[in-house]
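Numbering (mature numbering (1 follows the signal peptide of the UniProt record, and there is no 0)), first residue to last: -28 to -1, 1 to 299.
Ideal Cβ positions, reconstructed from N, Cα and C, are used throughout, including at glycine.
Bear in mind that the values here come from a model prediction, so they are computed numbers and not experimental data.
A quick write-up on the structure given underneath.
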Amino acid sequence: MEFKRWRLSATSTVVNAGLGLALLFATAACSKPEQASESPPETSAITADVELPAVWATRTLESPVSAIALSGGSRGILAVAYESGGLQFFDMEAERIGEPTNFRVKALAGGQSTNIGGSTLTVFPGVDREGTVKAYVFGDGLIAPAQVDLSVDGETFIEGLCSGPAGTEGIMRLAFWTLGDNRVLQAGIVKENNGELAWERGESTFTDFPIHSCAYTSDTLVASPRAMAAAPLIRGKVSALLSLEPDSGLKLSTDLGMTTTDVNIRDGLSVFAPEKPVAMAAMGRMMSGGYPGGVIALAGEVEPGKSQVVFVDPSPITLPDEQTGSN
């Protein structure tokens, strides 16, 4: 697999979409804002195959999975979208939080915890079956994820998207490509204004291949012509990029795709990773759930007709000094 990189220009509970976020802010409880992100890391290439342990899993899910995403913050959340339709949130103990919804989601990107009007909410960007970008929002006081509009400057028929932290510039960085123009990554910043979410356009990036997935690293936007999903593992001086390919499985790169190695998953005593994952998400720093080195989430069938999301410990990648010292 080959990644190509670009430098960014700058470092029911269904809520009526027309009401925007103003309704939600009033119902979410207050909490402390998150700390600022770390400086961009630097990492040398990993050239040998890596084996990581599967450590925990959800119960059997109600149907096969189409997409998953993770958010950090003091309360990490796993978002799961089902092929049959529906969106469900889990905590990092793999327990369901909130009630499942009937939102028909086809794509998800990493969530961000944001403090607005004294309330802390977790916002996941996603694309519905009609190709419209939405925000799926959850916070204390809500009994289920809520769906609100996320304006992307009039763009329609969105095919896929990826997100990353925005620091003080906004809620998150967000890039996407459309069904009619899948060789252009349109990047920008999601901001909130008077209870409405909107995407402020940045620079578009043109590729020489149809885009299948994208990811934000510390300050770089990458895209792949092959990977089903891509996600960064960033922690301290470690900056790694994971990709999930339809034929060859999970891959790892620490030089933005110039060199890739296989990632093999070792099953636990009662936790079994899917042989052919269909969705993947990852974070190098997770403040909840007992994952000191971050977490990788893999979704798929662990046996015929039984779908789960399995949590994998990436500490051999993200905490190499501690791993070496423990041997």
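Check, Outcome
"Thr290, enclosing beta strand (DSSP E) - first and last residue", "That residue, Thr290, is in no beta strand (DSSP E); its alpha helix (DSSP H) goes Ser287 to Thr290."
"Beta-carbon proximity of Leu59 to Pro117, cut-off 7 Å", "yes"
"Boundaries (first-last residue) of the beta strand (DSSP E) holding Asp234", "Thr233 to Arg238"
"Asp293 (DSSP reduced to helix, strand or coil)", "helix"
"Segment contact, 8 Å Cβ cut-off, at least three pairs: the region 61 to 71 with the region 125 to 145", "no"
"Alpha carbon of Pro13 to alpha carbon of Ala253, nearest angstrom", "Note that Pro13 has pLDDT 48, beneath the 50 cutoff, so the model's placement of it is unreliable and the number below is only indicative. C-alpha separation (whole angstroms): 20 Å."
"Enclosing beta strand (DSSP E) for Gly90 [first to last residue]", "Counting along the chain, Gly90 falls outside any beta strand (DSSP E), and DSSP gives it neither H nor E."
"Inter-residue Cα distance where the pair is Ile268 and Leu291", "14 Å"
"Distance, Ile143 Cα to Phe181 Cα", "29 Å"
"Buried versus exposed call for Asp112 [16 or more other C-beta atoms within 10 Å across all chains shown]", "exposed"
"At least three beta-carbon pairs within less than 8 Å, the region 212 to 229 to the region 168 to 182", "no"
"Buried or exposed by the 16-neighbour rule on C-beta atoms within 10 Å, applied to Ser242", "exposed"
"Limits of the beta strand (DSSP E) - the one that Tyr263 falls within", "Unbroken run through Tyr263: none, as it is neither H nor E."
"Close beta carbons around Met259, own chain, < 7 Å, minus the five adjacent residues each side", "Gly44, Gly45, Ser46 and Gly48"
"Collapsed DSSP secondary structure at Ala107 in the structure displayed", "strand"
"C-alpha gap between Gly89 and Ala187, whole angstroms", "29 Å"
"6 Å Cβ shell around Gly136 - same chain, five flanking residues per side excluded", "Arg145 and Tyr188"
"Nearest-angstrom beta carbon gap, Val284 and Val37 [assumed within contact, 8 Å]", "Incorrect: roughly 16 Å between the Cβ atoms, too far for contact."
"Residues of its chain near Thr150, where Cβ-Cβ distance is below 7 Å and the 5 sequence neighbours each way are ignored", "Glu127, Phe129, Ile130 and Glu131"
"DSSP state of Ile115 mapped onto helix, strand, coil", "coil"
"Where Asn166 falls: helix, strand or coil (DSSP)", "coil"
"Between the CA atoms of Thr92 and Gly139 - distance to the nearest angstrom", "16 Å"
"Separation of Arg257 from Asp293, as counted between CA atoms", "16 Å"
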